[in-house]
Amino acid sequence: MANLLSRLFKKKTQEPLLVDVKPSGGQFTVQPNQTLLQGALSTGIPFPHDCRVGTCGKCKCRLVDGNIKPSMDFSYTLSREEIEQGYILTCQSFVKSNLTVLVDLPVKIPNHKIKSIDGIIVNSIPLTHDILKITIELEEGITYEAGQYADISVPGLTEPRSYSFANVSSNIGSSEISFFIRHVPNGEMSGWFHEKNRIGEKVQITGPYGSFYFRDSTDPIICIAGGSGLAPIKAILEQVAELGENTPVLFLFGARTKKDLYCLDEIHELISFWNAPFHFIPVLSEESLGSDWIGARGLVTDYIKDFPGIRLSSCKAYLCGPPGMIDAAIGKLSDYGINNNQIFFDKFLDRSHLSRK
0 MANLLSRLFK
10 KKTQEPLLVD
20 VKPSGGQFTV
30 QPNQTLLQGA
40 LSTGIPFPHD
50 CRVGTCGKCK
60 CRLVDGNIKP
70 SMDFSYTLSR
80 EEIEQGYILT
90 CQSFVKSNLT
100 VLVDLPVKIP
110 NHKIKSIDGI
120 IVNSIPLTHD
130 ILKITIELEE
140 GITYEAGQYA
150 DISVPGLTEP
160 RSYSFANVSS
170 NIGSSEISFF
180 IRHVPNGEMS
190 GWFHEKNRIG
200 EKVQITGPYG
210 SFYFRDSTDP
220 IICIAGGSGL
230 APIKAILEQV
240 AELGENTPVL
250 FLFGARTKKD
260 LYCLDEIHEL
270 ISFWNAPFHF
280 IPVLSEESLG
290 SDWIGARGLV
300 TDYIKDFPGI
310 RLSSCKAYLC
320 GPPGMIDAAI
330 GKLSDYGINN
340 NQIFFDKFLD
350 RSHLSRK
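Just so you know, we're using numbering that gives the first Met the number 0 here: the sequence shown kicks off at 0 and counts up by one.
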């Protein structure tokens, strides 16, 4: 009798669901309790994405057929017109049936295998009063594109946090990787890194993630970084240097005061062997008028303009930093005739931004 009751009331095992991708014709399966994006990435389908928390909108696609369960109100990120047309955020969509989705997959997109790797912190260097450079030695190498990011998990902390790689990956995989970690007020993870020296501590990284990376081209580029957003921008410029491209560059680095500037020696070293025009402009928004600073002041967006050898309308743009800075920069770049499909960005979001949903 007990065996009979067990068979009758045994919970049915959920089977993986099938997703058809149009117009590419690809297919992949999604496991129970995975989001649509998680299913795509875990099976090697390079869906566009960045934040994975429903704010950037990079992962949106059109649901043609099937049912999903959203984990948030899409109207926070998508327009009413997009929602009416059937667009969804794949990072916030749990799959409830077989699906057909419409998404334009880029012709060339990084497709490095996402994996979790244990590591140990081997160096911790203060770059500013609130930014650390953390170096982690991994048990095995990881390959990624400059501009991408990984999740860092620490034993005993509740959730992983996402940080951009601050160094270039080798073709065979890098076993030593670095991140710039800004101290976020009341931030559990950043507080853990900053409260004391963590050399020797064990961590785990999972990645790579993200659609922010250098598009192979000799077109001039404008790079705009704010705060710890320098990490992926610096890595992208180092990758361009390794490729030997004769790429003209306008690099705007926004900070509040002189004490918030860092990596200047590394940037000037990069400039010293650049084979094309390279304009580097640090911009301070809150530096005291009585200080000895003779450089640019104001908002970093004030300096978005043509420079010798740099005509903005022919540029690709790479932006990384606070959401407000990026939104303002996109507007200014659009005014100069740069199409949205030539503007690539990664908004750095902390818990204060996510709590506004």
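No residue lacks a Cβ here, since even glycine has one placed at the ideal position from N, Cα and C. Predicted model only: the values in this text are computed from it and were never measured.
Residue closest to F344, alpha-carbon to alpha-carbon, out of A316, I130 and S92
A316
Would you say A165 and A234 are within 7 Å of each other, going by their C-beta atoms?
yes
With 16 as the cutoff for other CB atoms within 10 Å, does E144 come out buried or exposed?
buried
Exposed or buried, which one is V63 when buried takes at least 16 other CB atoms within 10 Å?
exposed
Quick one: residues in its chain with C-beta nearer than 8 Å to the C-beta of T34, no 5 flanking neighbours on either side, listed in chain order?
S70, T89, C90, Q91, S92, F93 and V94
6 Å CB neighbourhood of R51 in its chain, flanking five on each side removed:
C90
Indicate the three-state DSSP secondary structure (helix, strand or coil) for K201 in the structure shown.
strand
Just the Cα atoms here: how many angstroms apart are I44 and N338?
26 Å
When we look at the beta-carbon of D215 and count the other beta-carbons within 10 Å, is it buried (16 or more) or exposed?
exposed
Pair within 7 Å by beta-carbon distance, L263 and I223:
no
Determine the direct distance from the alpha carbon of D305 to that of G118, and round the result to whole angstroms.
44 Å
On the CB-based measure, 16 or more other CB atoms within 10 Å of its CB, does K346 come out buried or exposed?
buried
For P31 and K68, I'd like the C-alpha separation in whole angstroms.
12 Å
Please report the residue range of the alpha helix (DSSP H) in which H48 lies.
Unbroken run through H48: none, as it is neither H nor E.
Can you tell me where the beta strand (DSSP E) with F272 in it begins and where it stops?
Counting along the chain, F272 falls outside any beta strand (DSSP E), and DSSP gives it neither H nor E.
Indicate whether S189 and I130 have their beta-carbon atoms separated by less than 7 Å.
no
If you count every other CB in all the chains shown that lies within 10 Å of the CB of P247, and 16 or more means buried, which is it?
buried
Look at the Cβ atom of S210, then the Cβ atom of K57, and state whether they are nearer than 7 Å.
yes
Could you pull out every residue in the same chain whose Cβ sits closer than 6 Å to the Cβ of R61, ignoring the five residues on either side in sequence?
G85, Y86 and L101
Applying the criterion that 16 or more other CB atoms from any shown protein chain within 10 Å of the CB defines a buried residue, is E158 buried or exposed?
exposed
When E285, F277 and K21 are compared against L98, the one with the closest alpha-carbon:
K21
Mark Y75 as exposed unless 16 or more other C-beta atoms lie within 10 angstroms of its C-beta, in which case mark it buried.
exposed
When you compare only the Cα positions, how much space is there between V153 and L288?
42 Å
Check whether the Cβ atoms of I204 and I116 sit closer than 7 Å, and answer yes or no.
yes
Would you tell me roughly how many angstroms separate the C-alpha atoms of N66 and S96, rounded to the nearest one?
5 Å
With H, G and I counted as helix, E and B as strand and the rest as coil, what does DSSP make of Y212?
coil
P125 - DSSP class collapsed to helix/strand/coil
strand
Quick check: the Cα distance between K359 and P281, rounded to an integer number of angstroms?
No answer is possible for residue 359: the residues shown for the chain start at 0 and end at 356.
With distances taken between CB atoms, is the gap from P231 to C314 smaller than 7 Å?
no
Let me see if you follow: with CB-CB separation under 7 Å, is T256 close to chain B or not?
Of the protein chains in this structure there is only one, and it is not chain B.
Measure the alpha-carbon distance for F213 versus N170 and round it to whole angstroms.
15 Å
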